[in-house]
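Here the structure is laid out as structure tokens; the discussion comes afterwards.
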Amino acid sequence: MDHHNFKGKDIPHLNIKPNMGIDDLVDIFASTGYNARQLGDAAKLFCKMIEDDATICLTVAGAMTPVGFGGLFKSLIERGFVDWIIATGANVYHEDHFAWNLPVKQGHFEVDDMILYDKDIVRIRDVYIKGEETLKAEDKIVQKMFEKNLLDKPFTTAEFCNAMGKYSKQHSKNPERSFVVTAYDYDVPVYISTLKDSSLALDLAPLRLANKVHSLDFVREIVEQAAILYNSKKSGIVELGGGVPKNTAQQTGPLLDQILGLGHGGQNYIIQITDARPDTGGLSGATLQEGKSWGKVKDAHEDVIMVYTDATIAFPVLCLYALSNEKPRKPKRLYKKLPQYYEDLSKAYFNKRK
């Protein structure tokens with residue numbers, strides 16, 4: 180698209196009224212400039228993904244679940260607006276606290292952490308978590324989950340999270356307060372981009388010392404993720420932050436093209452909400468347009484939007500706008516389709532080599 184002209188929309192003189200709703204707010208954002216405009220356009224693009232029946236991946240970096248954002252993920256899953264998820268292990272681990280009614284409190288960021296340590300309080304910015312009552316209690320729960328589970332053969336983190344969702348659904352006090360349980364109910368695969376870099380992996384250490392071996396099949400996992408893209412008519416990502424979850428989702432295109440030679444072209448749509456800068460060379464700040472050079476996205480000019488702001492501010496706006504404007508979609512239930520998707524991709528690859 181050629182933007183080198185004076186044909187854009189007029190900038191309005193904004194008028195805020197007491198009876199305005201989320202639609203009005205998003206329209207205001209979209210009609211202005213800077214990151215407000217990006218946020219408004221991103222909310223509309225999320226709705227476009229839903230209306231086009233795209234297979235939508237949500238990636239979650241940063242500490243989103245300790246501030247309750249798992250409830251937002253749950254709502255999107257229930258409406259059929261998120262089909263698969265890639266998260267850090269920390270976001271899965273801390274989400275389980277809510278299902279088991281383990282205490283997580285608002286605290287403060289202007290504190291002496293030496294004092295908090297003495298009081299057995301762990302801090303994530305202005306969120307407090309008790310060491311004994313929450314973290315150690317959660318550790319025992321996770322060890323109980325896997326003391327006899329996933330020992331027979333290599334597993335993926337989607338299988339790991341599915342097992343967590345099943346266990347918490349059957350045994351926790353408040354299973355409705357976990358997006359991992361909801362993902363289990365709706366067959367939404369939840370992948371953990373770096374399992375060993377989280378308390379979930381640390382919790383497996385005592386089991387390993389007792390000769391209980393958990394073997395992650397990380398190669399099958401990345402093939403499954405590429406197979407989801409390959410078997411989708413249209414595909415999109417909503418990225419909260421960046422980091423490894425972002426790249427895990429976006430590298431599906433290069434795997435299909437660069438490695439397997441299938442010429443797919445990558446994602447149709449990507450929205451990223453980040454506060455990372457692109458000029459430092461970090462993955463979190465790498466522009467979506469740059470991703471085109473790698474084959475991560477089909478078009479560098481259309482349907483890729485970066486919003487440079489705090490995801491805890493912007494993401495609820497996207498959620499409410501979509502929930503207010505889009506009818507629920509039938510769940511794609513990708514988790515149960517993964518074996519067939521894997522097989523389809525395998526056949527395509529070997530047929531290509533003939």
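Throughout the sequence shown, residue numbering follows my numbering, covering 180 to 533 in sequence. Positions of the beta carbon are idealized from the N, C-alpha and C atoms, including for glycine.
In the three-state reduction of the DSSP assignment, Met-199 falls in the coil class, being assigned neither a helical nor a strand state. When DSSP states are grouped into helix, strand and coil, Ala-389 belongs to the coil group. The straight-line gap separating the alpha-carbon atoms of Glu-505 and Leu-204 is approximately 17 Å. Put simply, of Glu-481, Leu-435, Met-485, Gly-286 the residue whose alpha carbon is nearest the alpha carbon of Thr-466 is Met-485.
For Arg-399, the enclosing alpha helix (DSSP H) has its first and last residue at 397–409. In this structure, Thr-431 lies away from Tyr-487, with their beta-carbon atoms at least 8 Å apart. Here the C-alpha atom of Gly-310 lies approximately 23 Å from the C-alpha atom of Ile-371. For Ile-416, the enclosing beta strand (DSSP E) covers residues 414–419. The residues Trp-279, Leu-281, in chain order, have a CB closer than 8 Å to that of Ala-316 in the same chain once the five nearest residues on each side in sequence are set aside.
For Thr-238, the enclosing beta strand (DSSP E) covers residues 234–239.
For Thr-427, the enclosing alpha helix (DSSP H) stretches over residues 422–429. At a Cβ-Cβ threshold of 8 Å, Tyr-500 and Ala-209 do not count as neighbours. Residue ranges of uninterrupted beta strand (DSSP E) with 3 or more members, entirely inside the region 287–365 and ordered along the chain, are 300–303, 306–309. Listed in chain order, the non-local C-beta contacts of Pro-354 below 6 Å within the same chain comprise Ala-278, Ser-347, Lys-348, Val-360, local neighbours out to five positions each way being set aside. Collapsing the DSSP output to three states places Thr-453 in a strand. The beta-carbon separation of Asp-262 and Ile-235, rounded to 5 Å, stays under the 8 Å limit for a contact. Residue burial annotation: Asp-489 is exposed, with fewer than 16 other C-beta atoms found within 10 angstroms of its C-beta. Met-243 carries a coil assignment under DSSP once its states are collapsed to helix, strand and coil. Within the same chain, Thr-431, Leu-434, Leu-435 come within 6 Å of Ala-405 by CB-CB distance, once the 5 residues on both sides are set aside. Per DSSP, Lys-511 lies in no beta strand (DSSP E) segment and is marked neither H nor E.
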